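Only one structure is covered here, and it is reproduced in the block below.
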Amino acid sequence: MALKDVENKPLRPALVRELSVDELKQELAKLEEAQFRLRFRSATEAIENPMQFRMIRRNIARIKTMLKEKAAT
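So the sequence shown is numbered by the numbering used here: it starts at 4 and just counts up by one.
Spelled out as structure tokens, the structure:
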């Protein structure tokens, strides 16, 4: 179950808990790529929604937290 549009919405913990470790790693890679693209784009042009930086950063943190929780169990 891949998440749709993960860089534009905050992730809900219940949705993140349902994902497997492989799916979490895939979503993490997507978010890190989106973060890189956004950072690169902001250096060259104005960003229409600067709050995306915060949302992506927090979603990355949520996924990393769930990966650590799943690794501990």
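Quick reminder that beta carbons are idealized off the backbone N, C-alpha and C, glycines included.
No experiment lies behind these values; they were computed from the predicted model shown.
Continuous alpha helix (DSSP H) stretch holding LYS33: start and end: 24-47
Buried or exposed (CB count within 10 angstroms, at least 16 for buried), ARG65: buried
C-alpha gap between PRO16 and ALA46, whole angstroms: 32 Å
Expected contact under 8 Å - CB spacing of LEU31 and ILE59 to nearest Å: So it is not a contact: roughly 11 Å between Cβ atoms.
Proximity of GLN55 and LEU70 at Cβ, strictly below 7 Å: no
Alpha carbon of ASN52 to alpha carbon of ASN11, nearest angstrom: 10 Å
Range of the contiguous alpha helix (DSSP H) that encloses GLU72: 54-75
When GLU72, ILE63, THR76 are compared against GLU36, the one with the closest alpha-carbon: ILE63
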